[in-house]
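Student: Protein chains in written order, with our numbering: chain A, 1 to 440; chain B, 1 to 234. Ideal placement from N, C-alpha and C gives every residue a C-beta, glycine not left out.
#1: Does residue 9 of chain B have its Cβ less than 9 Å from a Cβ in chain A?
#2: Are residue 117 of chain A and residue 225 of chain A closer than 9 Å when you measure CB to CB?
#3: Here's the rule: buried if 16 or more other CB atoms are within 10 angstroms of the residue's CB, otherwise exposed. What is residue 238 of chain A?
#4: When Cβ atoms are compared, which residues of the region 95-113 of chain B fall closer than 7 Å to chain A?
#5: Please confirm whether residue 196 of chain B has its beta-carbon closer than 9 Å to some beta-carbon of chain A.
#6: Check whether the Cβ of residue 206 of chain B lies closer than 9 Å to any Cβ atom in chain A.
#7: Identify whether residue 235 of chain B lies in helix, strand or coil by the three-state DSSP scheme.
#8: Is there at least one Cβ from chain A nearer than 9 Å to residue 159 of chain B's Cβ?
#9: Mapping the DSSP letters down to three states, classify residue 128 of chain A as helix, strand or coil.
#10: Between residue 432 of chain A and chain B, is the shortest Cβ-Cβ distance under 9 Å, so that the two count as touching?
#11: Residue 122 of chain B by DSSP, collapsed to three states: which one?
#12: Taking its Cβ as the centre, do 16 or more other Cβ atoms sit within 10 Å of residue 143 of chain B, making it buried, or is it exposed?
#13: Quick one: what's residue 10 of chain B bridged to in DSSP?
#14: Report the residue ranges of all beta strand (DSSP E) runs contained in full by the region 129-182 of chain B; include only those spanning at least 3 residues, in chain order.
#15: Can you name the residues of chain B whose CB is closer than 7 Å to the CB of residue 18 of chain A?
#16: How far does the beta strand (DSSP E) with residue 258 of chain A in it extend, from its first residue to its last?
#17: Considering Cα atoms alone, identify which of A:206, A:329, A:275 and A:154 is closest to residue 173 of chain A.
#18: Starting from the C-beta of residue 93 of chain A, find all residues in its chain whose C-beta is less than 7 Å away, skip the five residues before and the five after it, and write them out in chain order.
#19: Below 9 Å between beta carbons is the criterion; list the residues of the region 39-57 of chain B that meet it against any residue of chain A, in chain order.
#20: What number of angstroms, rounded off, separates the C-alpha of residue 42 of chain B from the C-alpha of residue 7 of chain B?
#21: Going along the chain, which residues of the region 13-29 of chain B sit with their C-beta nearer than 9 Å to a C-beta in chain A?
#22: Is it buried or exposed, residue 307 of chain A, if we count other Cβ atoms within 10 angstroms and call 16 or more buried?
#23: With a threshold of 6 Å on Cβ separation, who are the neighbours of residue 36 of chain B within its own chain once the five nearest residues in sequence on each side are excluded?
#24: Do you know how far the Cα of residue 336 of chain A is from the Cα of residue 146 of chain B?
#25: Suppose only complete runs of 4+ residues qualify. What are the alpha helix (DSSP H) ranges in the region 311-384 of chain A, listed by chain order?
#26: Can you name the residues that DSSP bridges to residue 66 of chain B?
#27: Can you list, in chain order, the residues of the region 61-87 of chain B whose Cβ is nearer than 7 Å to any Cβ on chain A?
#28: Report the residue from B:201, B:105 and B:161 whose alpha carbon sits nearest the alpha carbon of residue 170 of chain B.
#29: What three-state label does DSSP hand residue 153 of chain A in the structure shown?
#30: If distances are taken between C-alpha atoms only, which option among B:207, B:29 and B:90 comes closest to residue 55 of chain B?
#31: Please identify the residue among B:179, B:115 and B:140 whose C-alpha is closest to the C-alpha of residue 341 of chain A.
#32: By how many angstroms is the C-alpha of residue 183 of chain A removed from the C-alpha of residue 375 of chain A?
#33: Looking only at DSSP bridge pairs, what is residue 119 of chain A linked to?
#34: Just the chain B side, please: which residues come within less than 8 Å of residue 332 of chain A by C-beta, in chain order?
#35: Which residues does DSSP pair with residue 206 of chain A in a beta bridge?
#36: If you drop the 5 nearest sequence neighbours on each side, which residues of the same chain put their C-beta closer than 6 Å to that of residue 108 of chain A?
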């Protein structure tokens, strides 16, 4: 029997019992939509988490600190953030880039206005890997020796040191300029007071160029300026030679203040972190938080999905019941079509098609209904739910992805087939004579 | 003439509780290709059991049944379904038309099961419905037709696939006398026309008169086997 004829016969049978078919489909609609809506709540929560995390920073980045691991074996030297270890970190499988930096506190001067900030010396080649993008101008380049890259908020922090008020009421300074100076002397450009007879020699002032301004990152980079390591080292040496109350964070140009390791993917963060800890360092990354959030949302999704699944289970039982009833009613008919030459497979397929069609129709209608419910929830329910849903954000409280919609339709069809399987087998194996003799 | 049906030493025993009921015993019967044959007997004589076993709907307790040279008592359900699809047509006392299908769709059902295209099967269906005089009724549902018309649809359905063997179980049991003769005449005419073997089971001696051969069954045994020519000679 060809597929199309079989389908036509099955659908005809369903049509013959419209009310019952409708009620059975309705059961599946309710089941499917309850499962979809429940899962959509979990998905929205997940999406909310993701959004929050992204605001917090790059999930792939591990920050490395000295100290920490107390369980070092005796012959292992104390781990220092120096060139040797940084080179080792670069070789860890799964590491995309390592940003090792030294910092110096400087005063930047443009057009007689000054700005005091942390100048971070980095290797320009890792900028892209760590997500540096410019709003204006360009990033640092490897051949740069006197270039400075500004964090996005810094441009607003310039002020006139000779003005009576120290506030930043003045308009932002154009920092992409060749006319810039930098010094570790943090009172440079101010009026000299008569009694200031410091014995120290004043720190040198270097001529530098501002090359660009970073885009807003909502992280520490917004408040810092970046320069090639060579420039920072020069300033550090100068600072050490001129100031007794030196409080620059790096004790020497041999070690780094801060090391950040970027894993190639979020899945590798944990492994990389473990290896770095085994070297004797302390690490920090967002992975623990991510894992915890994921676990929470998994659990929520499982609970919500489970609640929805119960109603789909009930709907599945409804389908089985309908099919069993249908077989009782049509016992004789099954006998007749068997005698007329329908193969056993045709009979089984006919019943499976019927129950599958109920599942499919219910699934499609259920998904459509879910979209409606989801919209209503997002429209009216956000205030009501915000206290309970942690990850709530502009994603809303219900999110139906296309995968969920498609999955729900396929799943409910599968439930239909599953529910129809045993009745279909029963129809197939029914003895012809018994079927023919059965009373209608 | 080649034998269409060959039955040897057939026995069928039912077990009802502790009791054994012998429905058929020592039945030997050959029916030729193209023969129109009537199995005549009273209720409980075993005639329906015999027909069911020829159709492969019941398994014999002992003995063998060959149809067109093939042993059907050894076939599985699936093989039997295919065999019936290819070689057999059925006519039932209660017509057994599918209520949600039109006359034409009902008639075409055996061809549908064979996977024949809609165009071809409707062509054949319309032709056979015209043969039984239901040209105007092809799009009617069974509920919109009289008993006689319904049975003619049933006949058309049995003949549409041109099977070599047609089995009819009390085909006129639900019809009045006038309609009975019309219907039986149509059946025998069609069978003659296509040289098909027709086996009719009935308790009605008047129907038996239409057959080439009458097999009388009583208490599970063949009592008498007479051919039309012999009858006419007497």
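Tutor: The short version:
#1: no
#2: yes
#3: buried
#4: 96, 98, 100, 109, 110, 112 and 113
#5: no
#6: No, because no Cβ of chain A sits closer than 9 Å to the Cβ of residue 206 of chain B.
#7: Lying before the first or after the last residue shown, residue 235 of chain B is absent from chain B, which here runs from 1 to 234.
#8: no
#9: Reduced to three states, the DSSP call for residue 128 of chain A is coil.
#10: yes
#11: helix
#12: exposed
#13: Per DSSP, B:27.
#14: 165-169
#15: Neighbours of residue 18 of chain A on chain B: none; closest Cβ ~12 Å, over 7 Å.
#16: Annotation: the continuous beta strand (DSSP E) that includes residue 258 of chain A extends over 258-263.
#17: The shortest C-alpha separation from residue 173 of chain A is found at A:154.
#18: none
#19: 52, 55, 56 and 57
#20: 21 Å
#21: none
#22: exposed
#23: 188, 191, 198, 211 and 212
#24: 20 Å
#25: 331-339 and 344-380
#26: As computed with DSSP, residue 66 of chain B is found in a beta bridge with B:6 and B:71.
#27: 77, 78, 81, 82, 84 and 85
#28: B:201
#29: coil
#30: B:90
#31: Taking the Cα of residue 341 of chain A as reference, the smallest distance to any Cα among B:179, B:115 and B:140 is reached at B:115.
#32: 58 Å
#33: A:104 and A:225
#34: 96
#35: A:182
#36: 115 and 182
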